[in-house]
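Beneath this line is the structure, given in structure tokens, with notes to follow.
Residue numbers (my numbering), protein chains in the order written: chain E, 443 to 767; chain R, 140 to 563.
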């Protein structure tokens with residue numbers, strides 16, 4: 443049964459931004475190009491463009507987040523939108539007010555856009571399915587499903603360093619099973635034409651049919667990282683030591699942590715990425731995280747431009763319209 | 140009350156009848172087929188020309204939500220939907236509130252059904268007290284109160300010794316044990332089949348082994364205790380093979396499949412359609428074919444609805460947080476009959492899987508149209524066309540995974556013990 447992609451309008455433009463899956467390459471390239479145009483705003487004296495003046499954006503965070511929430515907030519403010527930050531502890535929703543009731547209340551406050559982060563896979567789709575037609579939803583991370591703006595800022599960072607996606611080997615290392623970032627990255631990389639996407643991790647942290655996503659699965663880090671142009675390390679949640687997924691952080695670091703010696707197996711000009719927050723000495727050595735090949739802090743900076751691009755595109759205003767304001 | 144049903148195409152798999160015959164009912168019983176009994180004066184004549192007449196269906200698992208969850212559905216609403224779907228007997232599992240572990244609750248259900256019901260309700264009693272999996276229930280009392288079997292529904296029995304004792308005790312009173320194969324430690328927290336879809340959508344997965352591990356463990360215990368066991372709603376091809384092998388080895392085991400597992404796979408979840416959230420989960424294409432094969436080769440003996448009506452709010456949540464279960468009672472018969480177009484099963488085979496064979500699993504003399512049998516039957520218009528919408532579903536639960544499907548065939552009248560309980 444073919445379902446209509448609810449994140450596109452009838453003209454095929456972005457109406458919500460929920461997942462990379464199903465989006466065509468030209469939309470992803472548009473996002474990257476638009477972000478390129480926005481990337482200088484942060485270095486100007488007046489760090490603002492008036493594109494979304496008069497619009498109200500609500501950041502609905504059902505899960506704690508610093509980086510994602512603040513970069514969304516900064517992006518919205520640089521576009522001159524009004525921003526509401528609402529942190530909701532999930533326990534208060536599961537036990538009392540339903541998600542839908544909360545949604546109706548926020549709609550009544552006349553918001554134009556919701557940025558949603560939630561610990562349940564599918565939460566962003568759920569919101570998008572049920573919001574009033576004038577409201578757009580941006581997925582700020584839903585469960586283990588998707589984190590599309592993170593993936594796009596990673597693509598932006600890769601493009602700045604490597605230009606041509608169609609010649610790259612990209613290795614994603616760590617807890618793929620629980621990672622919404624990895625899922626979105628995989629869709630973005632394959633859509634942008636990366637010929638070799640590898641996922642590396644112990645069998646307990648690789649989902650069952652990962653190969654079905656169009657990636658090559660490696661359980662040996664040294665093999666998987668060999669000749670990679672881009673190495674993306676994922677955060678390892680401490681709670682994975684429970685539930686028999688991993689024996690210890692120590693053993694994990696020895697086998698899948700990115701040490702300088704393992705990094706030497708990648709291409710000499712390989713870049714090292716991490717969506718943050720990093721666990722030094724668990725998934726990555728400090729010397730690598732802070733080393734010359736690391737672009738981890740650039741990723742954070744690029745997050746603002748990407749989020750500006752997505753917000754303005756979803757609300758129908760590109761930077762080219764700035765002049766008309 | 141004497142009823143004469145004329146000109147209908149009678150399909151009675153138990154007696155290999157598939158022909159146009161008149162049917163005569165007196166005092167709630169079928170008294171003749173073909174020729175009127177001597178001196179038969181009908182009080183009522185029903186013309187069933189162009190229609191089919193089936194034995195009333197026997198559904199091995201139907202949740203009515205009463206007692207305890209009347210905001211989801213009631214005995215009145217769901218037995219009426221059952222009758223409208225040609226189902227004259229439903230089996231109620233014990234996970235109601237209060238749980239069916241004492242005769243008093245069972246009497247309550249029968250009293251309520253006498254007042255409001257349109258179908259016969261058979262109760263399956265709790266295997267352990269409170270379904271807690273610790274102490275065995277008063278199975279003798281439950282049997283005396285009318286329970287047709289015992290089950291722990293989907294509540295886990297972690298302790299294998301308790302499971303073994305429960306089987307022995309059930310065998311002692313000649314009770315059939317209804318088993319839901321689930322290794323709880325493997326399925327806990329999951330909401331979708333472990334495969335491409337759960338991987339893509341990032342949904343907590345339930346591996347095939349959650350079912351096959353439990354089937355293996357339970358088969359070993361069945362072999363040792365000699366209990367008559369029925370496996371409910373198998374979802375994987377591998378389990379079907381295991382049951383097939385056990386039957387070959389002579390174990391007294393039967394099994395059924397829920398209709399939705401014969402039509403839907405995890406692909407139907409699409410982008411998080413919570414109406415496709417069900418336990419056991421919709422599995423892969425190979426499982427769907429394996430289950431269909433299980434019907435063809437006789438490993439699976441019945442198709443049931445596994446009907447679980449919900450109020451709308453139960454499904455208004457992100458996929459894993461929505462309540463599992465599908466409203467399927469309205470669509471059971473016409474969708475099952477569609478298998479005749481898609482598989483080598485004939486219409487009588489399918490009717491048998493919905494009536495005579497489940498009746499045999501229950502050890503009851505229903506589900507057929509023999510002389511002297513209780514006059515449970517439905518009259519079916521095979522050419523009627525309708526669309527599944529919230530309005531066309533009679534169940535109070537509108538959580539159908541088949542929403543907007545075009546359906547061919549519809550029940551026009553249902554008789555329970557000769558009494559019309561539904562007429563369109």
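Every residue gets a Cβ at the ideal spot worked out from N, C-alpha and C, and that includes glycine.
For residue i and residue j, what's the separation of their Cα atoms in angstroms?
i                      : j                      : result
residue 504 of chain E : residue 449 of chain R : 26 Å
residue 186 of chain R : residue 147 of chain R : 7 Å
residue 157 of chain R : residue 496 of chain R : 17 Å
residue 475 of chain E : residue 201 of chain R : 56 Å
residue 735 of chain E : residue 461 of chain R : 44 Å
residue 715 of chain E : residue 234 of chain R : 51 Å
residue 535 of chain R : residue 208 of chain R : 12 Å
residue 494 of chain R : residue 476 of chain R : 13 Å
residue 401 of chain R : residue 479 of chain R : 12 Å
residue 481 of chain R : residue 654 of chain E : 28 Å
residue 604 of chain E : residue 727 of chain E : 24 Å
residue 569 of chain E : residue 530 of chain E : 15 Å
residue 452 of chain R : residue 626 of chain E : 30 Å
residue 541 of chain E : residue 456 of chain R : 7 Å
residue 673 of chain E : residue 448 of chain E : 32 Å
residue 610 of chain E : residue 465 of chain E : 21 Å
residue 566 of chain E : residue 441 of chain R : 40 Å
residue 575 of chain E : residue 479 of chain E : 29 Å
residue 637 of chain E : residue 724 of chain E : 29 Å
residue 275 of chain R : residue 232 of chain R : 16 Å
residue 525 of chain R : residue 413 of chain R : 24 Å
residue 361 of chain R : residue 311 of chain R : 13 Å
residue 327 of chain R : residue 468 of chain E : 41 Å
residue 573 of chain E : residue 502 of chain E : 14 Å
residue 542 of chain R : residue 223 of chain R : 18 Å
Assuming residue i contacts residue j under a Cβ cut-off of 8 Å, what Cβ separation, rounded to an integer in Å, is found between them?
i                      : j                      : result
residue 314 of chain R : residue 369 of chain R : Residue 314 of chain R to residue 369 of chain R, Cβ: 11 Å. No contact.
residue 438 of chain R : residue 379 of chain R : 5 Å
residue 578 of chain E : residue 730 of chain E : Contact flag wrong, Cβ pair sits at about 38 Å.
residue 698 of chain E : residue 663 of chain E : 5 Å
residue 419 of chain R : residue 374 of chain R : 4 Å
residue 634 of chain E : residue 597 of chain E : 6 Å
residue 558 of chain E : residue 592 of chain E : The Cβ separation is near 14 Å, so there is no contact.
Leaving out the 5 sequence neighbours to the left and right, which residues in its chain are closer than 8 Å to residue i when beta-carbon positions are compared?
i                      : result
residue 519 of chain R : 190, 191, 192, 193, 225, 472, 548, 549, 550 and 551
residue 686 of chain E : 646
residue 758 of chain E : 455
Output needed for residue i: all residues of its chain with C-beta closer than 6 Å, excluding positions within five of it in sequence on either side, in chain order.
i                      : result
residue 141 of chain R : 165, 181 and 182
residue 490 of chain R : 150, 152 and 193
residue 358 of chain R : 385
residue 242 of chain R : 280 and 284
residue 220 of chain R : 468, 469, 533 and 534
residue 354 of chain R : 320, 378 and 381
residue 352 of chain R : 322
residue 216 of chain R : 535
Give the DSSP bridge partners of residue i, in chain order.
i                      : result
residue 555 of chain E : E/499 and E/578
residue 475 of chain R : Answer is none; residue 475 of chain R lacks a bridge partner.
residue 143 of chain R : R/163 and R/184
residue 675 of chain E : E/615
residue 513 of chain R : R/168
residue 552 of chain R : R/518 and R/562
Helix, strand or coil: how does DSSP classify residue i here?
i                      : result
residue 744 of chain E : helix
residue 249 of chain R : helix
residue 529 of chain E : strand
residue 480 of chain E : helix
residue 654 of chain E : helix
residue 302 of chain R : helix
residue 529 of chain R : coil
residue 165 of chain R : strand
residue 757 of chain E : coil
residue 194 of chain R : strand
residue 367 of chain R : coil
residue 561 of chain R : strand
residue 454 of chain R : helix
residue 174 of chain R : coil
Excluding five sequence neighbours on each side, which residues of the same chain lie with their C-beta closer than 7 Å to the C-beta of residue i?
i                      : result
residue 423 of chain R : 332, 334, 404 and 405
residue 657 of chain E : 628, 639, 640 and 641
residue 556 of chain R : 167, 513, 514 and 515
residue 416 of chain R : 330, 458, 461 and 463
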